[in-house]
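Q: Residue numbers (my numbering): 57 to 339.
Don't be surprised by glycine CBs; every beta carbon is placed ideally from N, CA and C.
Fair warning: this is a prediction, and the values are worked out from it, not measured in the lab.
One structure coming up, written as structure tokens, with questions to follow.
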């Protein structure tokens, strides 16, 4: 019996100290378009299995309905479906709404609704970005109007049903200032963090508030150098945040990481051939 007990203890101790196989990183998908040419303004889906430092093509969907233009797609996985919200015209063409499309397989997409800007004199409606909190789906969109040419402001639209076919009118994010585009928000603890491009200075800025999504925003400063836009974030398996930005001055998506959303590493290029402004999510 003594030998049996010793053998059992050896087995148990071996199980405790034996190395366990590494858990595979969560597969990420990245929705994007490729450029300003007519053939490039459509939906591409990329995939990463290494934590989002490089991506390979999963699907060239050829989706660009109904205007023939699709830019800045923001992707969301919700109720076992994928959704994108996207800009429907090029940056040189007026637009007064944004669109939402859905898919179950990331390849075949169909529009579910168009959401009007709802702003008097709206002439540019850009970069709708999903933001979900406590199960409520919202979209933050950059809108400019003829009353203030190119003076973009971020507005929040809230889903009125789970099919994401009905949306509220716009609510402004007060305090974030004028002429900001591509505003992307995440929440950590009791603090909301917004990453947005100042369209006057061409810098990505970091803003925070502890009041609510709509007010109390304070500018915490600029990040990196000028010449980047389209910030978007994804949470990694180890708890860090990864940010993506579009180096629109000469193409390519770049990335940095942070453990607290306040202090960031330097930018490095992402292996994602042809990728532009887009967003990532877990597959």
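(1) Can you look up residue 95 in the DSSP assignment and give me helix, strand or coil?
(2) Just confirm the distance between the C-beta atoms of residue 145 and residue 113, as a whole number of angstroms; I'd bet it's less than 8 angstroms.
(3) Assuming the contact rule is C-beta atoms closer than 8 angstroms, residue 240 and residue 287 should be a hit. Round their C-beta distance to whole Å, please.
(4) Decide if residue 265 is buried, meaning its Cβ has at least 16 other Cβ atoms within 10 Å, or exposed.
(5) What does a CB cutoff of less than 6 angstroms around residue 290 pick up in its chain, not counting 5 residues either side in sequence?
(6) My output table needs one value for residue 333: the three-state DSSP class, helix, strand or coil.
(7) So for residue 322, helix, strand or coil by DSSP?
(8) Per the contact definition of three or more C-beta pairs closer than 8 angstroms, is the stretch 177–186 in contact with the stretch 146–154?
(9) Residue 280: which of 268, 311 and 229 sits nearest, CA to CA?
(10) If residue 233 sits next to residue 258, beta carbons under 8 angstroms apart, how far is it from one beta carbon to the other, in whole angstroms?
(11) Can you tell me whether residue 144 is helix, strand or coil according to DSSP?
(12) Report the residue from 218, 196 and 186 whose alpha carbon sits nearest the alpha carbon of residue 136.
(13) Return yes when the Cβ of residue 327 is within less than 8 angstroms of the Cβ of residue 86, no when it is not.
(14) Mapping DSSP to helix, strand and coil, what is residue 165?
(15) Only counting the same chain, and skipping five residues up and downstream in sequence, which positions put a Cβ closer than 8 angstroms to that of residue 252?
(16) Starting from the C-beta of residue 224, find all residues in its chain whose C-beta is less than 7 angstroms away, skip the five residues before and the five after it, and write them out in chain order.
(17) In or out: residue 274 buried (at least 16 other Cβ within 10 Å) or exposed?
(18) Taking residue 255 and residue 208 to be in contact with their CB atoms under 8 angstroms, please state how far apart those CB atoms are, rounded to whole angstroms.
A: Inspection of the coordinates gives the following:
(1) Here residue 95 corresponds to residue number 39 of the chain shown, with the count starting at 1. Helix.
(2) Looking up residue 145 in the chain shown gives position 89. Looking up residue 113 in the chain shown gives position 57. The pair is not a contact, with the Cβ atoms about 25 angstroms apart (cut-off 8 angstroms).
(3) As a first step, residue 240 is located in the chain shown; it is residue number 184 there, counting from the start. As a first step, residue 287 is located in the chain shown; it is residue number 231 there, counting from the start. That belief holds up - the Cβ atoms of residue 240 and residue 287 are roughly 5 angstroms apart, short of 8 angstroms.
(4) Position 209 of the chain shown holds residue 265. Counting Cβ neighbours within 10 Å, residue 265 comes out buried, since at least 16 surround it.
(5) Translated into positions along the chain shown, residue 290 becomes position 234. Taken in chain order, the residues that qualify are 298 and 336.
(6) Stepping through the chain shown from its first residue, residue 333 is reached at position 277. Reduced to three states, the DSSP call for residue 333 is coil.
(7) By 1-based counting over the chain shown, the position of residue 322 is 266. Residue state, collapsed to three classes: coil.
(8) yes
(9) Position 224 of the chain shown, counting from 1, holds the residue named residue 280. Closest option to residue 280, Cα to Cα, is 311.
(10) Taking the first residue of the chain shown as 1, we reach residue 233 at position 177. Taking the first residue of the chain shown as 1, we reach residue 258 at position 202. Wrong, their Cβ atoms sit about 15 angstroms apart, outside the cutoff.
(11) Translated into positions along the chain shown, residue 144 becomes position 88. Residue 144 falls in the coil class under three-state DSSP.
(12) In the chain shown, counting from the first residue as 1, residue 136 sits at position 80. Taking only the C-alpha atoms, the option nearest residue 136 is 218.
(13) Counting from 1 along the chain shown, the entry for residue 86 is found at position 30. Counting from 1 along the chain shown, the entry for residue 327 is found at position 271. With respect to the 8 angstroms criterion, residue 86 and residue 327 are not classified as neighbours on the basis of their beta carbons.
(14) On the chain shown, residue 165 is found 109 positions in, with the first residue counted as 1. Coil, per DSSP.
(15) As a working note, residue 252 is residue 196 in the chain shown. Once the five neighbours on either side are set aside, the close Cβ partners of residue 252 are 210, 232, 236, 237, 238, 239, 240, 260, 261, 263 and 287.
(16) Along the chain shown, read from residue 1 onward, the residue named residue 224 stands at position 168. 213, 214 and 216, listed in sequence order.
(17) Here the question's residue 274 lines up with position 218 in the chain shown. With fewer than 16 Cβ atoms within 10 Å of its Cβ, residue 274 is classed as exposed.
(18) Taking the first residue of the chain shown as 1, we reach residue 255 at position 199. Taking the first residue of the chain shown as 1, we reach residue 208 at position 152. Indeed, because the Cβ distance is near 6 angstroms, the residues count as touching under 8 angstroms.
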